[in-house]
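The opening position of the sequence shown corresponds to residue 18 in the working numbering, with each subsequent residue numbered one higher. Shown next, in structure tokens, is the structure this report addresses.
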Amino acid sequence: MRLLKWRPSKLGTIARRNRQEIIAAGLTRRELIKMGLVSASGYLVSKGGLSAWASGGLSTLASPPTAPFTEELVVPQVAQPTLLTPAPAEVPIAGEVARGNHLFWNSLPPQKAYELVAQAIQHRFHAQLPLNTAWGWGGTVPGPTFHARYGEPITVRMRNGLPAIAQHTGFGRPEVATHLHNLHNASASDGFPADFYATGLFKDHHYLNTYAGFTLPEFAPLGDPREALGTLWYHDHRVDFTAQNTYRGLSGFYLLFDALDSGDERDPNPLALRLPSGEFDVPLQIVDRVFDQDGQLLFDLFNLDGIIGDKFIVNGKIQPCFRVARRKYRFRLLNSGPSRFYEFFLSNGASFTHIANDGNLFPAPVDVQSVRLAVAERVDVVIDFSNYALGDKIYLENRLEQVDGRGPTGNILPPGQGNMVLEFRVDRDAPDPSRVPATLRELPPADPSAAAVTRVWDFGRSQGAWTVNNAFFDANVIRARPRQDSAEIWVLRNTSGGWSHPIHIHFEEFQVITLDGAPPTTRNAGRKDVLELGRANGSEARIFLRFRDMKGRYVMHCHNTVHEDHAMMIRWDIV
Numbered sequence: 018m019r020l021l022k023w024r025p026s027k028l029g030t031i032a033r034r035n036r037q038e039i040i041a042a043g044l045t046r047r048e049l050i051k052m053g054l055v056s057a058s059g060y061l062v063s064k065g066g067l068s069a070w071a072s073g074g075l076s077t078l079a080s081p082p083t084a085p086f087t088e089e090l091v092v093p094q095v096a097q098p099t100l101l102t103p104a105p106a107e108v109p110i111a112g113e114v115a116r117g118n119h120l121f122w123n124s125l126p127p128q129k130a131y132e133l134v135a136q137a138i139q140h141r142f143h144a145q146l147p148l149n150t151a152w153g154w155g156g157t158v159p160g161p162t163f164h165a166r167y168g169e170p171i172t173v174r175m176r177n178g179l180p181a182i183a184q185h186t187g188f189g190r191p192e193v194a195t196h197l198h199n200l201h202n203a204s205a206s207d208g209f210p211a212d213f214y215a216t217g218l219f220k221d222h223h224y225l226n227t228y229a230g231f232t233l234p235e236f237a238p239l240g241d242p243r244e245a246l247g248t249l250w251y252h253d254h255r256v257d258f259t260a261q262n263t264y265r266g267l268s269g270f271y272l273l274f275d276a277l278d279s280g281d282e283r284d285p286n287p288l289a290l291r292l293p294s295g296e297f298d299v300p301l302q303i304v305d306r307v308f309d310q311d312g313q314l315l316f317d318l319f320n321l322d323g324i325i326g327d328k329f330i331v332n333g334k335i336q337p338c339f340r341v342a343r344r345k346y347r348f349r350l351l352n353s354g355p356s357r358f359y360e361f362f363l364s365n366g367a368s369f370t371h372i373a374n375d376g377n378l379f380p381a382p383v384d385v386q387s388v389r390l391a392v393a394e395r396v397d398v399v400i401d402f403s404n405y406a407l408g409d410k411i412y413l414e415n416r417l418e419q420v421d422g423r424g425p426t427g428n429i430l431p432p433g434q435g436n437m438v439l440e441f442r443v444d445r446d447a448p449d450p451s452r453v454p455a456t457l458r459e460l461p462p463a464d465p466s467a468a469a470v471t472r473v474w475d476f477g478r479s480q481g482a483w484t485v486n487n488a489f490f491d492a493n494v495i496r497a498r499p500r501q502d503s504a505e506i507w508v509l510r511n512t513s514g515g516w517s518h519p520i521h522i523h524f525e526e527f528q529v530i531t532l533d534g535a536p537p538t539t540r541n542a543g544r545k546d547v548l549e550l551g552r553a554n555g556s557e558a559r560i561f562l563r564f565r566d567m568k569g570r571y572v573m574h575c576h577n578t579v580h581e582d583h584a585m586m587i588r589w590d591i592v
């Protein structure tokens, strides 16, 4: 890659310094408008010392060059249980932030406890770049991976150990609100964006690890196993700063297992799928980032459209290599954003097996040539390396063209002209007792006739920022009140004109009835928690969703986190 050189004038140098100082101040868009630094349309006001930099923006920079496939893939460590002191309780305890009482604390008490601390760490994305000050849960980027089981509730203490605001430098805001995307869980532990808290405080999250429907007589006490989730992830959700805080590293995986998807490829239980497990079950967090000429992470808070990076990072390393054995692997791919969409192929054109979307196993596996991920989507795939020769190299290649925050252009690039994100290097033999059975998990029924209400949500654009039904997010305004244990049809419609939006609904999975008037294809045919609304004006999805077991506050938002922060999100309450 050719490094674009920026030759600053004196005014340009001043502008860059001033702009970095504004970013370091951690101001919200609302504060910038109030100070007269940003117009209501979202653009940097032309002022002395700012206009020169605004005219070029940060998009004129390219990251320093780095050699691909010289870094080894890092598989996140598995979170380990601990003893919490003071002990967690149904009500907030001393030192804990204000929250609602934990629901089902007595009927579903925690069987294990964990503690994660958000920390500022020195992280090296590549040997050819300097250390960066990143933020990581548990001191790593990404944070530790949870291995949880249905029927085993846990408590996770999330402690904010980031530098206090007075000592904070750079982008981001050292206040946190952690969302476990998309556990069926009570509102007090969901990570409501306005429930953020400062350095030195903590919050206990009670993760129920139950299937949806567990309070209904026909599915008590653990719920409907057809509603199982497998690949989840946790990330910061601080209102106005989700994009910046996750860009710095505040995210990680949360994997759920049960008798069917047991996490043991040697499981003697005849019900078990025996999918690849252990070291052969590998979570892959894929992000794109841009670095400045000094090799430091760069985030442009004046970009309201969507930030597109030129460095592709897997599990915290730029374009790593992963040494694989000649056998089957399960890979859990996560696109954690902030704004890029992907479509992944294998560089040699080989097919592979698609088994899950958004953590939801399909009824049956599907052989595919590619998988597509909008921001926050997950796909589980099985790749079989058994027929390769020792020394073979195969690449995970993104061939979906995207040049700005609008979303994909729709073009699939020719083989070899995309972004090579990860190298698989076949280097050994290993036994393989795993399998991919012909049936996976039954899909629960979706009955649109059972819907009590139909609601229409228009995702639009106003004053340079982002709206839902022509309004910006306000945490105190309730935009919908579905009733507990009811079902509804929601119509998600793109009215922004030429922009893609990955829409995420908290709390419970939905099923797509139609997408742009047609039945959903494989990608959207199962249970989902993120849905890509295409760029076409008027692109529309009709979805069926239920609101079982709990009441409380939840949100729906665009998961292009730049759009979310500016301010394409609504609050809705189950009543």
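Positions of the beta carbon are idealized from the N, C-alpha and C atoms, including for glycine.
Contact set for residue i: own chain, Cβ-Cβ below 8 Å, skip 5 residues either direction
i    : result
I324 : A260, Y264, V307, F316, D317, P355, S356, G422 and V579
L218 : G112, E113, V114, R176 and N177
Sequence-distant residues of the same chain with beta carbon closer than 6 Å to residue i, five excluded per side
i    : result
D281 : S294
F362 : S387, E414 and R416
L133 : W154, G155 and M175
A463 : Q528 and F561
N199 : D546
V453 : T370, P382 and V399
S353 : S268, Q302 and V304
A96  : Y131, P161 and F163
H140 : N149, A151 and V158
Residue-chain proximity (residue i, chain B), Cβ-Cβ < 9 Å
i    : result
D444 : Of the protein chains in this structure there is only one, and it is not chain B.
Burial state of residue i (16 or more Cβ within 10 Å)
i    : result
A469 : exposed
M586 : buried
P300 : buried
G187 : buried
S76  : Because the pLDDT of S76 is 47, which lies under 50, any placement of that residue in the model is unreliable, and the number read from its coordinates should be weighed accordingly. S76 comes out exposed.
V592 : exposed
G366 : exposed
T512 : buried
D384 : exposed
W70  : Since pLDDT at W70 reaches only 37, below the 50 mark, its modelled position is unreliable, and no value is offered.
E459 : exposed
P85  : buried
R283 : exposed
R478 : buried
L292 : buried
Other residues of its chain near residue i: CB distance less than 7 Å, five sequence neighbours each side excluded
i    : result
P425 : F358, L417, E418, Q419 and S517
R340 : R442 and D444
P537 : V529
L146 : P81, T83, F308 and G312
K64  : Only weak support is given to the placement of K64: the predicted model assigns it a pLDDT of 45, under 50, and the question is left unresolved by the model.
L290 : L277, D278, P454 and L457
In DSSP terms, what residue i is bridged to
i    : result
V385 : F369
D590 : R570
Q528 : R544 and F561
M175 : L133 and K220
R349 : P300 and D397
R343 : D446
E505 : V470 and L562
A165 : L273
Y228 : None; Y228 has no bridge partner.
P153 : First, the residue type needs correcting, since residue 153 is Gly and not Pro in the sequence shown. Partner(s): Q136.
Check whether residue i and residue j have beta carbons under 9 Å apart
i    : j    : result
D566 : H254 : no
H583 : L267 : no
D546 : Y571 : no
S124 : P234 : no
P337 : E107 : no
G333 : V91  : yes
F274 : P159 : no
T531 : A558 : yes
D475 : R498 : no
E549 : A373 : no
S403 : K328 : no
R116 : A205 : yes
T232 : D502 : yes
S172 : Y224 : Looking at the sequence itself, residue 172 is Thr, so the reference to Ser does not match. Closer than 9 Å, so yes.
L350 : D397 : yes
A130 : P98  : yes
G376 : L246 : yes
If you scan the stretch 474-501 from start to end, which runs of the beta strand (DSSP E) of 3 or more residues do you find wholly inside it?
482-485
If you scan the stretch 430-464 from start to end, which runs of the beta strand (DSSP E) of 3 or more residues do you find wholly inside it?
436-446
Ignoring anything shorter than 4 residues, give me the alpha helix (DSSP H) runs that lie fully in the stretch 235-317, in order along the chain.
259-264
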